[in-house]
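*Asks:* This is the structure I want to talk about, given as structure tokens.
Protein chains: 2
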Amino acid sequence: MILELVDILIQPGKQAEFDQAIQHGIQTYIAPSKGFIGYRINKCIETPERYVLMNYWETLENHTVDFRGSPAFTQWRGVVGPFFARPPIVEHFTIFATKNA
Amino acid sequence: MILELVDILIQPGKQAEFDQAIQHGIQTYIAPSKGFIGYRINKCIETPERYVLMNYWETLENHTVDFRGSPAFTQWRGVVGPFFARPPIVEHFTIFATKNA
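See the structure below:
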């Protein structure tokens, strides 16, 4: 299992609209993708325009090749992209250790 | 439940030592703290010096007041701090939506 960590900064005052858009976008365009396991959307307390999206995939290539190479990727960006204050910062992680989380 | 997200960059080539230190530090100094729920340590694929630590707390104050105001915070930093390439970036989050993660 691979974690895709997406660090998002949106335009000020757009939180309520973005809350809807990101959920709609994930459910419609990401969740049906090959190898997608699940997600978590986190809203920052100190920086209200910051969201951290955690997407879990079976393999790295399920995200970088299968999803990013599909029309769904463009559609997803069409839904959430208009809210971004800068391009999202995306890197992938292996889960090294976990307890009750 | 509150997520404390810790973005860590360590010195190159120190991964094996840090893998041990961070687990020891969490289990010894953070896990016994009031309101601590659990953790996940993630190791970055693209940037091998990057670690993202997710700590889950009952309340924000359990981290910012109870833990940071305790001797355990200084002890924790004593274990992991020597590996840091720069101060860790820490912010807190509410969990807005989650599915299979």
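Heads up: the sequence lines are chains A and B, in that order. The first sequence begins at 89 in our numbering and counts up one residue at a time. The second sequence begins at 89 in our numbering and counts up one residue at a time. For glycine and all other residues, C-beta sits at the position ideal for the given N, C-alpha and C.
1. Mind checking whether B:ILE129 and B:LEU141 have CB atoms under 7 Å apart?
2. Does B:ALA185 have its Cβ less than 7 Å from a Cβ in chain A?
3. In the DSSP output, what is B:MET142 paired with across the bridge?
4. What do you get for B:GLU105, buried or exposed, if any count of 16 or more other CB atoms within 10 angstroms of its CB means buried?
5. Please determine, among A:SER121, A:LEU97, A:MET89 and A:ILE90, the residue with the shortest C-alpha to C-alpha distance to A:ASP154.
6. Name the residues in the region 136-148 of chain A whose C-beta lies less than 9 Å from a C-beta of chain B; which are they?
7. So, for B:ILE114: in the same chain, excluding its five sequence neighbours on each side, which residues have a beta-carbon less than 6 Å away from its beta-carbon?
8. Check B:ALA185 in the structure and name its three-state DSSP category.
9. I want to see whether chain A comes within less than 7 Å of B:LEU91, judged by CB atoms only; does it?
10. Please list the residues of the region 108-134 of chain B that have a C-beta atom closer than 7 Å to any C-beta atom in chain A, keeping them in chain order.
11. Closest Cβ-Cβ distance between A:THR182 and chain B: below 7 Å?
12. A:GLU179 touches chain B at which residues, Cβ-Cβ below 8 Å?
13. Could you compute how far the alpha carbon of A:PHE172 sits from the alpha carbon of A:ILE98?
14. Identify the continuous alpha helix (DSSP H) that holds B:HIS151 and give its terminal residues.
15. Please determine, among A:GLY169, A:GLY157 and A:ASN143, the residue with the shortest C-alpha to C-alpha distance to B:THR186.
16. Closest by CA to A:ASP107, which one among A:GLY157, A:GLU137 and A:ALA119?
*Replies:* On the basis of the supplied data:
1. Yes.
2. yes
3. B:LEU93 and B:ARG128
4. exposed
5. Out of A:SER121, A:LEU97, A:MET89 and A:ILE90, A:SER121 has the C-alpha closest to the C-alpha of A:ASP154.
6. Residues passing the 9 Å Cβ filter: ARG138, TYR139, VAL140, MET142, ASN143, TYR144 and LEU148.
7. TYR127
8. For B:ALA185, the three-state secondary structure derived from DSSP is strand.
9. yes
10. GLN111, ILE125, GLY126, TYR127, ARG128, ILE129, ASN130, LYS131, CYS132, ILE133 and GLU134
11. Taking Cβ atoms only, chain B reaches closer than 7 Å to A:THR182, which makes this a yes.
12. Within chain B, CYS132, ILE133, GLU134, THR135 and ARG138 have C-beta atoms less than 8 Å from the C-beta of A:GLU179, given in sequence order.
13. 4 Å
14. Where B:HIS151 is concerned, there is no enclosing alpha helix (DSSP H), given that its DSSP letter is neither H nor E.
15. A:ASN143
16. A:GLU137
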